[in-house]
Amino acid sequence: MANLSMSERILIPTYGDPEQIQAGEVVFDDEKCSGCTLCAQACPAKAIVMEDKRPQLKPRGQNECISCGDCVAICPEAAITLTKGYHYTAYYKTIDHGDIQPPRL
Amino acid sequence: MAEMATKAARAEAMERMEKEWTEMERVILSRRSVRLYKKEQVPEFMVKRILEAGRFAPSAGNSQPWKFVVLRDPEIIDGITETVVETCKKFRAVLEYRRPGASWRRPLTKAFIRLRHNDLHPVPFGAIGMIADGKLGLWHSAPTVIMIFKDVRGVSNPDLDCGIAGQNMVLAAHSMGLGTCWVGFAKLAFEYTDKWKKRLGIEFPYKYASSLSVGWPIGNPDGMVGRQTHPVDWYENGTKKTIY
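Chains A and B are the protein sequences, given in the same order. Reading the first sequence from the start, the letters are residues 38 to 142 in my numbering. Reading the second sequence from the start, the letters are residues 54 to 297 in my numbering.
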């Protein structure tokens, strides 16, 4: 079985279309969050916006999270969890990833 | 007798490793790319120690096909940043098809993306817009930058050797409590214009490979986080298994 079909080898997905470009996802624990904004500042994709002193991801289609985990690591309250990696289609199709795991012993 | 002792030592080391990360593993697994830096400069001796970690990296045929350039003059760092911002603005003007009235550009842009499929992957494509808008800095206001140029005459794959040397430097820096970030976008100031090559005296056989921002982090950005697992095919005893 080929990793990519012939059309997938050629076609470029439409950037900005959430069906073709699926961003990563993190979830915020609003109870633990102190509203310090470090996560929003650290995010390389500027995918986190502060709303009512609490962080949230930009809406689908605008969220360009690359699931790097920088927000998770910098959060002093351990209030952020990475739940989804990013997945693209067509030429940039994710071929095979397992689930999200922390470093394992 | 000596062999027995070695065996016992090995068993002990294995048992210890099963239980806890080594110092090296801890640095590797906790390292995060740092993009928030304090203004305070990194002491010169620390940068020199980081460069030593790069100097002792393995390379094909021990060819050491790299040239490191340390930038600590704001005038140069800001100047290169400005060139990259201007270049990103030009790229965006030509390529961006998501704004109103620009959808006719889509097929042209897609053809161009396919040709430059590494530079215009969705992630850097998004970053081009953010850099053009000043929302994403090039070196994130880090006070020290280490540029890595490759010697194109190196054995086999000089880019790879530069990457190995660079990662040695990154890990050394994080082990000292510094933050670093790999910055590939500086390429735009060395690929499409001669200005900065001339200014820094970069000529044949040296060519841009990558760059690192180095500085004191704001907050505690390093830490272990989750990440996708990848399939690893494992061949042993005549069979194949796949582990994640």
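For glycine and all other residues, C-beta sits at the position ideal for the given N, C-alpha and C.
Closest residue to residue i among the options (Cα-Cα distance)
i: Leu189(B); options: Val198(B), Phe238(B) and Gly154(B); result: Phe238(B)
i: Ala60(A); options: Gly135(A), Arg141(A) and Thr131(A); result: Thr131(A)
i: Lys95(A); options: Glu62(A), Cys105(A) and Ile111(A); result: Glu62(A)
i: Glu105(B); options: Met70(B), Pro211(B), Lys120(B) and Asp212(B); result: Lys120(B)
i: Gly53(A); options: Gly179(B), Arg108(B), Tyr245(B) and Asn115(B); result: Gly179(B)
i: Asp89(A); options: Gln99(A), Gly72(A), Val109(A) and Cys76(A); result: Gly72(A)
i: Glu93(B); options: Gly268(B), Gln281(B) and Ile133(B); result: Gly268(B)
i: Gly219(B); options: Trp249(B), Ser263(B), Ala195(B) and Gly182(B); result: Ser263(B)
i: Thr295(B); options: Asp133(A), Leu75(A) and Leu142(A); result: Asp133(A)
i: Lys240(B); options: His283(B), Cys234(B), Lys72(B) and Met200(B); result: Met200(B)
i: Lys203(B); options: Ser116(B), Arg152(B), Met67(B) and His227(B); result: Ser116(B)
i: Ala110(A); options: Thr51(A), Asn40(A), Glu56(A) and Phe65(A); result: Phe65(A)
i: Thr74(A); options: Glu101(A), Leu142(A), Gln93(A) and Gln57(A); result: Gln93(A)
Beta-carbon spacing of residue i, residue j below 8 angstroms
i: Met277(B); j: Pro139(A); result: yes
i: Val138(B); j: Ile184(B); result: yes
i: Tyr90(B); j: His170(B); result: no
i: Ile103(B); j: Ala225(B); result: yes
i: Pro175(B); j: Tyr129(A); result: yes
i: Arg125(B); j: Val223(B); result: no
i: Cys70(A); j: Arg91(A); result: yes
i: Tyr123(A); j: Ile137(A); result: no
i: Thr113(B); j: Asn221(B); result: It should be noted that the sequence gives Ala, not Thr, for residue 113(B). Not a contact, by the Cβ cut-off of 8 angstroms.
i: Ile8(B); j: Val198(B); result: The structure shown does not extend to residue 8(B), since chain B is modelled only from 54 through 297, so no value can be given for it.
i: Ile49(A); j: Arg158(B); result: no
i: Thr134(B); j: Leu148(B); result: no
i: Gly272(B); j: Pro55(A); result: no
Cutoff 8 angstroms: residue i Cβ touching any chain B Cβ
i: Gly72(A); result: no
i: Cys105(A); result: yes
i: Ile58(A); result: yes
i: Leu142(A); result: yes
i: Gln78(A); result: yes
i: Ala110(A); result: yes
i: Gln93(A); result: no
i: Ile85(A); result: no
i: Lys39(A); result: A small correction: the amino acid at residue 39(A) is Ala; Lys does not occupy that position in the sequence shown. So no, Ala39(A) is outside the interface.
i: Pro81(A); result: yes
Minimum Cβ-Cβ distance from residue i to chain A less than 8 angstroms
i: Arg151(B); result: yes
i: Asp275(B); result: yes
i: Glu71(B); result: yes
i: Leu82(B); result: yes
i: Tyr297(B); result: yes
i: Ser43(B); result: Absent from the model: residue 43(B). The displayed extent of chain B is 54 to 297, so no value can be given.
i: Pro175(B); result: yes
i: Leu189(B); result: yes
i: Thr282(B); result: yes
i: Arg88(B); result: yes
i: Leu85(B); result: According to the sequence shown, residue 85(B) is Arg rather than Leu. Yes, its Cβ sits closer than 8 angstroms to a Cβ of chain A.
i: Phe178(B); result: yes
i: Gly114(B); result: no
Range covered by the alpha helix (DSSP H) that runs through residue i
i: Gly237(B); result: Taken as a continuous stretch (DSSP letters only), Gly237(B) belongs to no alpha helix (DSSP H), as it is neither H nor E.
i: Ile129(B); result: Pro127 to Leu148
N-terminal and C-terminal residue of the beta strand (DSSP E) that residue i is part of
i: Glu62(A); result: Glu62 to Phe65
i: Ile117(A); result: Ile117 to Lys121
i: Ile201(B); result: Thr197 to Asp204
i: Val86(A); result: Ile85 to Glu88
i: Lys293(B); result: Thr292 to Ile296
Cβ-heavy atom distance, residue i to the ligand ADP, below 7 angstroms
i: Glu93(B); result: Among the components modelled here there is no ligand, and therefore nothing to report on the ligand ADP.
Worksheet item: Given 8 angstroms as the limit, is there contact between the region 134 to 142 of chain B and the region 203 to 213 of chain B, that is, 3 or more CB pairs closer than that?
Response: no
Discussion item. Three or more C-beta pairs under 8 angstroms: does that hold for the region 114 to 133 of chain A against the region 84 to 97 of chain B?
Written reply: Touching, no.
Discussion item. Three or more C-beta pairs under 8 angstroms: does that hold for the region 75 to 89 of chain A against the region 251 to 265 of chain B?
Written reply: Verdict: no, contact absent.
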